[in-house]
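Residue numbers (full-length UniProt numbering): 1 to 424.
Note that CB positions come from ideal geometry on N, CA and C, so glycine has one too.
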Amino acid sequence: MADAGFAGGDCLAIDFGTSNSAAGIVEDGAVRLLEIEAGAETLPTAVFFPEEGGMRIGAAASEALIAGEEGRYMRALKSVLGTALFHEKRLIGGKRRTLAEIVTAFLVEMKTRAEAQSGRRFTRALSGRPVHFHSGDAERDAKAEEDLRGCYLAAGFEGVEMMFEPEAAALASRIAEGTGGTGLIVDIGGGTSDFTVFRSEGSGIAITASHGIRLGGTDFDHAVSMRHAMPLLGLGGQLRRDFGEGLLPVPNALYVDLSTWAKIPFLYTRDTERAVEDMRRHAVEPEGMERLQTVIVDELGHELAFAVERGKIAANSGAAGAEIAMGMIAPGLGARVTAGTLNAALSEAREALRMAIYETLMLAQVSPMQVDSVVLVGGSSLMALVEDEARAVCPGAALRRSEAFTAVVDGLAWAASGRGVARA
């Protein structure tokens with residue numbers, strides 16, 4: 001929780017998210033979300049390094065990718081906090097860089113744009129963070145916060161405090177909606193799912209318990225991709241042996257990385273190309289491997305990931321004929337996604353989500369029937385399975401949807417201005 005003494009006019013609230021980021025302040029008694037990206041309250045947490053010129057962030061990064069510009073696109077950088085990969089130097093944009101340096105540059109740009117928008121100088125930051133960056137690994141969890149804190153300091157902030165994202169969302173819900181009684185925040189973001197049980201206390205809130213797991217929208221995308229798209233690229237096929245009889249299954253590792261947003265940029269190497277060529281030569285059914293080869297050689301991994309995301313969203317909304325359009329790989333290629341296949345792909349995520357809600361209530365020593373309201377937060381809370389599981393666990397609670405993409409930064413801004421969050 002942020003220290004109350006940390007509040008002040010020189011403190012910028014930042015929600016640095018896996019998929020989207022935002023910054024805000026309180027001005028004239030209301031939250032003002034700063035347009036870090038022109039005309040938008042949030043910006044994609046994405047960067048693009050062209051072969052010539054400087055780094056682009058947000059929508060400009062995505063537009064460069066879609067336009068087919070030569071360069072390196074990267075997304076979901078938050079998911080590698082606390083890992084060795086975060087500090088490894090790799091050739092990106094014609095220069096050897098670490099992901100830590102890239103996140104720092106992203107935060108520098110957010111700080112610069114926020115100061116230009118507000119006319120203020122921000123020397124301190126109040127940053128959101130998931131309850132757990134990594135499930136069941138306290139050491140890696142602590143390292144992830146250390147990594148993020150180091151990036152803020154390297155970006156020019158003289159001080160930085162962290163606040164659990166669902167607790168910020170709880171504060172925003174209390175102030176904006178007057179949520180009373182006992183509330184449960186269910187915050188499903190791009191990389192993590194976070195939960196807070198709270199009760200109203202004056203104009204603020206008292207936190208009873210917070211909990212979180214490493215499960216989010218990028219994991220949903222991964223599961224949908226592995227079930228629907230990757231089989232069309234050879235996953236599940238068989239390989240002939242160089243010597244001897246019998247067949248070998250196609251290994252999963254490359255497909256796992258190709259379905260993982262943060263790992264896609266690192267597949268475009270000569271070693272990967274050689275591995276795919278070897279599998280193509282040994283494949284019993286080479287057509288899928290030829291498509292995989294196209295994805296790697298033509299660097300289509302992110303375009304495929306966006307197509308998976310769009311297919312997931314369409315199927316979730318109940319659209320007839322929803323599919324993952326893969327025409328960029330081969331004309332007319334696509335993978336149909338139905339409500340049934342989507343549900344099957346996300347069955348493990350559904351179970352993990354339900355168990356995490358129960359665990360949060362147990363930590364709070366609150367029974368499901370004592371929860372007066374469940375507040376859904378985060379872009380991935382728009383998935384039908386989230387509402388289904390929240391209703392199943394707390395059938396008597398009123399279900400509310402907060403501002404899916406800005407509730408966390410709203411709460412951070414209120415906390416930075418001195419509004420109260422206490423421990424029950």
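Legend entry - Three-state secondary structure assigned by DSSP to histidine 211: Translated into positions along the sequence shown, residue 211 becomes position 211. Histidine 211 falls in the strand class under three-state DSSP.
Legend entry - Proximity below 9 Å, CB of arginine 310 to CB of leucine 292: As a position in the sequence shown, residue 310 is number 310, starting the count at 1. As a position in the sequence shown, residue 292 is number 292, starting the count at 1. Taking 9 Å as the Cβ cut-off, arginine 310 and leucine 292 do not qualify as a contacting pair.
Legend entry - 9 Å Cβ cutoff met for threonine 18 and histidine 211: On the sequence shown, position 18 is the one that residue 18 refers to. On the sequence shown, position 211 is the one that residue 211 refers to. Not a contact, by the Cβ cut-off of 9 Å.
Inset, instruction - Would you check if the distance between the CB atom of phenylalanine 198 and the CB atom of alanine 155 is smaller than 9 Å? - result: In the sequence shown, counting from the first residue as 1, residue 198 sits at position 198. In the sequence shown, counting from the first residue as 1, residue 155 sits at position 155. Their beta carbons are not under 9 Å apart, which means phenylalanine 198 does not touch alanine 155 by this criterion.
Inset, instruction - Report, in whole angstroms, the separation of the C-beta atoms of phenylalanine 86 and threonine 98, which I expect to be a contact under 8 Å. - result: Taking the first residue of the sequence shown as 1, we reach residue 86 at position 86. Taking the first residue of the sequence shown as 1, we reach residue 98 at position 98. Contact between phenylalanine 86 and threonine 98 holds, with the beta-carbon distance rounding to 7 Å and staying under 8 Å.
Legend entry - Selection from Val366, Gly150 and Leu382 that minimises the alpha carbon distance to leucine 184: Here residue 184 is taken as the residue at index 184 of the sequence shown, counted from 1. When the alpha-carbon of leucine 184 is set against those of Val366, Gly150 and Leu382, the nearest one is in Val366.
Inset, instruction - Quick one: give me the first and last residue of the alpha helix (DSSP H) that glutamine 370 is part of. - result: As a first step, residue 370 is located in the sequence shown; it is residue number 370 there, counting from the start. It is not in any alpha helix (DSSP H) - glutamine 370 carries neither H nor E in the DSSP assignment.
Inset, instruction - Could you have a look at methionine 1 and say whether DSSP puts it in helix, strand or coil? - result: As a first step, residue 1 is located in the sequence shown; it is residue number 1 there, counting from the start. Note that methionine 1 scores a pLDDT of 45, beneath 50, so its modelled location is shaky; the value from the coordinates is reported in the next line. Methionine 1 falls in the coil class under three-state DSSP.
Legend entry - For isoleucine 329, three-class secondary structure by DSSP: Your numbering for residue 329 matches position 329 in the sequence shown. Three-state DSSP puts isoleucine 329 in coil, outside helix and strand.
Legend entry - isoleucine 264 vs glycine 301 beta-carbon contact at 9 Å: Counting from 1 along the sequence shown, the entry for residue 264 is found at position 264. Counting from 1 along the sequence shown, the entry for residue 301 is found at position 301. A contact, by the Cβ cut-off of 9 Å.
Inset, instruction - Tell whether a beta-carbon distance below 9 Å holds between phenylalanine 133 and leucine 12. - result: As a first step, residue 133 must be located in the sequence shown, where it is residue number 133. As a first step, residue 12 must be located in the sequence shown, where it is residue number 12. No; because the gap between Cβ atoms is not below 9 Å, this pair is not in contact.
Legend entry - Residues bridged to threonine 182 (per DSSP): Position 182 of the sequence shown holds residue 182. Beta-bridge pairing links threonine 182 to Arg199.
Legend entry - Residue(s) in a DSSP beta bridge with glutamate 92: Mapped onto the sequence shown, residue 92 falls at position 92. Residue 92 is actually isoleucine in this sequence, not glutamate. The partner list for isoleucine 92 (beta bridge, DSSP) reads Lys95.
Inset, instruction - Could you tell me which residues DSSP puts in a beta bridge with methionine 162? - result: Taking the first residue of the sequence shown as position 1, residue 162 is located at position 162. Partner(s): Ser127.
Legend entry - Beta-bridge partners of glycine 334, as assigned by DSSP: Counted from its first residue, the sequence shown places residue 334 at position 334. Beta bridge pairing from DSSP links glycine 334 with Ala325.
Legend entry - Own chain, CB closer than 7 Å to glycine 288, minus 5 neighbours either side, in chain order: On the sequence shown, position 288 is the one that residue 288 refers to. Cβ neighbours of glycine 288 beyond the five flanking positions: Leu232, Leu233, Gly234 and Gly237.
Legend entry - Extent of the continuous beta strand (DSSP E) to which glutamine 238 belongs: Against the sequence shown, residue 238 aligns to sequence position 238. Run containing glutamine 238: 238-240, per the beta strand (DSSP E) assignment.
Inset, instruction - Could you check which residue in Gly58, Glu35 and Ile36 has the C-alpha nearest to that of alanine 46? - result: Start at 1 with the first residue of the sequence shown, and residue 46 comes out as number 46. Checked all of Gly58, Glu35 and Ile36; the closest Cα to alanine 46 is Gly58.
Inset, instruction - May I ask which residues mark the beginning and end of the beta strand (DSSP E) holding isoleucine 14? - result: What you label residue 14 is simply residue 14 of the sequence shown in a count that begins at 1. 11-16 is the extent of the beta strand (DSSP E) around isoleucine 14.
Legend entry - As assigned by DSSP and simplified to three states, the class of serine 193: As a position in the sequence shown, residue 193 is number 193, starting the count at 1. Assigned with DSSP and collapsed to three states, serine 193 falls in strand.
Legend entry - Residues of its chain near aspartate 242, where Cβ-Cβ distance is below 8 Å and the 5 sequence neighbours each way are ignored: Counting from one through the sequence shown, the residue named residue 242 turns up at place 242. Result list for aspartate 242: His282, in chain order.
Inset, instruction - Name the residue from Ile92, Arg149, Pro368 and Val31 whose alpha carbon lies nearest to the alpha carbon of serine 417. - result: Residue mapping note: residue 417 aligns to position 417 of the sequence shown, counting from 1. Serine 417 has its Cα closest to that of Val31, out of Ile92, Arg149, Pro368 and Val31.
Legend entry - Given phenylalanine 49 as reference, the closest of Pro368, Gly71 and Val386 once Cα atoms are compared: For the purposes of this step, residue 49 is identified with residue 49 of the sequence shown, where counting begins at 1. If we check each option's Cα against that of phenylalanine 49, Gly71 comes out closest.
Legend entry - Buried versus exposed, by CB contacts within 10 Å (16 or more), valine 421: The residue labelled residue 421 in the question sits at position 421 within the sequence shown. Counting Cβ neighbours within 10 Å, valine 421 comes out buried, since at least 16 surround it.
Legend entry - Which residues DSSP lists as bridging asparagine 343, in chain order: Taking the sequence shown and counting its residues from 1, the one referred to as residue 343 is at position 343. Its beta-bridge partners do not exist; DSSP assigns none.
Legend entry - Cβ shell of alanine 319 (< 6 Å), same chain only, five flanking positions each side left out: For the purposes of this step, residue 319 is identified with residue 319 of the sequence shown, where counting begins at 1. Answer for alanine 319: no residue qualifies.
Inset, instruction - Out of Leu385, His228 and Ile213, point me to the one whose CA is closest to arginine 336's CA. - result: What you label residue 336 is simply residue 336 of the sequence shown in a count that begins at 1. For arginine 336, the nearest C-alpha among the options comes from His228.
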